[in-house]
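A.B. asks: I have a structure I would like to understand better, so I am pasting it below and will then ask my questions one at a time.
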Amino acid sequence: MNHYLDKAPDSRMINEEHDLLYFGGTSYLGLQTNPEFQELLFKNIKKLGTNWGASRKSNIRLSIFEEFEKYLSQKAGTPDGMCVSSGYMAGQMLARYFSEKGYDLLCAPNTHPALIQENSRLFQDYEELGEFLRKSATSSDQHKLVLFLDTVDFSGINYPDFDSLKELPLEDVILVADDSHGFGLIGEDGYGIYDLLKGIHAKELIVCGSLGKALATPCGVVLGNKDRIEGFRNMDFFAGGSPPSPAALKTLMEAEEISNSQLIKLRGNIITFLGSVTSKFQMIKMDQHPVFGYNSEALTEHLLQAGIITTNFRYPTKTSPLVSKIVLNADHSRQDILELTEAINSFFEKA
1181 MNHYLDKAPD SRMINEEHDL LYFGGTSYLG LQTNPEFQEL LFKNIKKLGT NWGASRKSNI
1241 RLSIFEEFEK YLSQKAGTPD GMCVSSGYMA GQMLARYFSE KGYDLLCAPN THPALIQENS
1301 RLFQDYEELG EFLRKSATSS DQHKLVLFLD TVDFSGINYP DFDSLKELPL EDVILVADDS
1361 HGFGLIGEDG YGIYDLLKGI HAKELIVCGS LGKALATPCG VVLGNKDRIE GFRNMDFFAG
1421 GSPPSPAALK TLMEAEEISN SQLIKLRGNI ITFLGSVTSK FQMIKMDQHP VFGYNSEALT
1481 EHLLQAGIIT TNFRYPTKTS PLVSKIVLNA DHSRQDILEL TEAINSFFEK A
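Below is the structure:
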């Protein structure tokens, strides 16, 4: 069932008929409706405008883009970084770049469509992927390989341990990791996936993704070594696309204290949830991540009857499997969390 709203939800969602406790979406830190974050954005819009529609290659340029890219690469611990209009554009730009350079595009299980092109090779499991890579390593017909994957794929296979990835022979493989659901959450201050993945020792590591989820900033980013990032900047794909909102980038840089405070609140909510939900709830969970997957339409309906709505739709197409997730955010109060766990626990008591 689809619900149409007249305002953005925070911890609650008001639809056509009801006021519901909301545990869905991707606003993990609650920044998109945070008053302090919004005030910073309003201030920066007045200075930098609502948008910058010119090419980054234009002879008239705003300095905020380079400032933000330097800031982001320093936060993530990478040599260089760049920003584009969206996470989807970042993924497609990388796929196109490596395709044009003659690489074989490999996609790990559950890779997001943003990283996939028509000539990409999709693998259903890591066993199949590992067998392919081992055969390629011993083949006389050498191929240039790039492997795309989602850091947080909601199956628990990748983040936080990446056990299956660590078993792969990646010495001659470029690894492209989409951290859209990790930015703002993973590591001490939310930018830790690059440092975590460096230990896997791929030939080269590139991190990309969207900042529009936990960090509420409509922007796609790519992080990697300086030569590779410069190659991406020279693409017509980069020159021809409008950049992100300069005001949004400035806001994220100035909102570091707000983001860190919200991250602390969110981690507290995760602890409360895990400490009060029944062990009978067989959920898919990841360390310090606020999304909990499950496979029960009956539970979804039970929660809805209790005035609680969760993420529940088919993705990415109408024929795809049903995606059911409980999503905590920093704006949920302790009482909100306990109301949720009470409803979940009552469902399993009746089962």
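Every position in the sequence shown, counted from 1, becomes a number in our numbering once 1180 is added. Just so it is clear, CB atoms sit at the ideal spot from N, CA and C, and this is done for glycine as well. Only a predicted model underlies this, so the values are computations on that prediction, with no experimental measurement involved.
Closer than 6 Å by C-beta to residue 1525: which residues in its own chain qualify, once you throw out the five before and the five after it? Chain order, please.
C.D. replies: To locate residue 1525, count along the sequence shown from 1; it is residue 345. So the qualifying residues of the chain are 1458.
A.B. asks: Kindly provide the ranges of any alpha helix (DSSP H) runs that are 4 or more residues long and lie completely inside the segment 1478-1511, ordered along the chain.
C.D. replies: Listed in chain order, nothing qualifies, since the segment 1478-1511 has no complete alpha helix (DSSP H) run of 4 or more residues.
A.B. asks: Curious, which full-length beta strand (DSSP E) runs of at least 3 residues does the segment 1364-1449 contain?
C.D. replies: 1384-1390, 1400-1404
A.B. asks: Indicate whether the contact test is met: 3 or more Cβ pairs, each with one atom in the segment 1324-1343 and one in the segment 1351-1361, closer than 8 Å.
C.D. replies: yes
A.B. asks: Does any C-beta atom of chain C lie closer than 8 Å to the C-beta of residue 1414?
C.D. replies: The question asks about chain C, but that chain is absent: this structure has only one protein chain.
A.B. asks: Classify residue 1215: buried if its beta carbon has 16 or more other beta carbons within 10 angstroms, exposed otherwise.
C.D. replies: What you label residue 1215 is simply residue 35 of the sequence shown in a count that begins at 1. Exposed is the call here.
A.B. asks: Using a threshold of 7 Å, is the CB atom of residue 1472 nearer than that to any non-hydrogen atom of the ligand ADP?
C.D. replies: Here there are no bound small molecules, and the ligand ADP is not part of this structure.
A.B. asks: Tell me whether residue 1304 is buried or exposed, calling it buried when 16 or more other Cβ atoms sit within 10 Å of its Cβ.
C.D. replies: As a first step, residue 1304 must be located in the sequence shown, where it is residue number 124. So residue 1304 ends up on the exposed side.
A.B. asks: Between residue 1238 and residue 1500, what straight-line distance do the alpha-carbon atoms span, to the nearest angstrom?
C.D. replies: Within the sequence shown, numbered from 1, the residue matching residue 1238 stands at position 58. Within the sequence shown, numbered from 1, the residue matching residue 1500 stands at position 320. Their backbone Cα atoms lie some 42 Å apart in a straight line.
A.B. asks: Quick check on DSSP: helix, strand or coil for residue 1261?
C.D. replies: On the sequence shown, position 81 is the one that residue 1261 refers to. Correct three-state label for residue 1261: strand.
A.B. asks: Out of 1279, 1450, 1310, which has the shortest C-alpha to C-alpha gap to residue 1298?
C.D. replies: Translated into the one-based positions of the sequence shown, residue 1298 becomes position 118. Taking only the C-alpha atoms, the option nearest residue 1298 is 1279.
A.B. asks: Counting only runs of 3+ residues fully inside the segment 1265-1330, write out the beta strand (DSSP E) ranges in chain order.
C.D. replies: 1284-1287, 1325-1330
A.B. asks: Is the distance from the Cβ of residue 1294 to the Cβ of residue 1402 below 8 Å?
C.D. replies: Residue mapping note: residue 1294 aligns to position 114 of the sequence shown, counting from 1. Residue mapping note: residue 1402 aligns to position 222 of the sequence shown, counting from 1. In this structure, residue 1402 does not lie closer than 8 Å to residue 1294 by Cβ.
A.B. asks: Find out if the Cβ-Cβ distance for the pair residue 1412, residue 1273 is shorter than 8 Å.
C.D. replies: Here residue 1412 corresponds to residue number 232 of the sequence shown, with the count starting at 1. Here residue 1273 corresponds to residue number 93 of the sequence shown, with the count starting at 1. Yes, they are a contact pair.
A.B. asks: Taking only runs that begin and end inside the segment 1198-1270, name each unbroken beta strand (DSSP E) of 3 or more residues, in chain order.
C.D. replies: 1199-1203, 1260-1264
A.B. asks: What did DSSP end up calling residue 1358 once you bin it into helix, strand or coil?
C.D. replies: Position 178 of the sequence shown, counted from the start, is the residue given in the question as residue 1358. Strand, per DSSP.
A.B. asks: Nearest to residue 1431 by alpha carbon, out of 1283, 1212, 1517?
C.D. replies: By one-based count along the sequence shown, residue 1431 stands at place 251. Nearest of 1283, 1212, 1517 to residue 1431, Cα basis: 1212.
A.B. asks: Just confirm the distance between the C-beta atoms of residue 1349 and residue 1301, as a whole number of angstroms; I'd bet it's less than 8 Å.
C.D. replies: Locating residue 1349 in the sequence shown gives position 169, counting from the first residue. Locating residue 1301 in the sequence shown gives position 121, counting from the first residue. Actually they are not in contact, since the Cβ atoms of residue 1349 and residue 1301 sit about 16 Å apart, beyond 8 Å.
A.B. asks: Out of 1471, 1452, 1527, point me to the one whose CA is closest to residue 1486's CA.
C.D. replies: Here residue 1486 corresponds to residue number 306 of the sequence shown, with the count starting at 1. Comparing alpha-carbon positions, the option among 1471, 1452, 1527 lying closest to residue 1486 turns out to be 1527.
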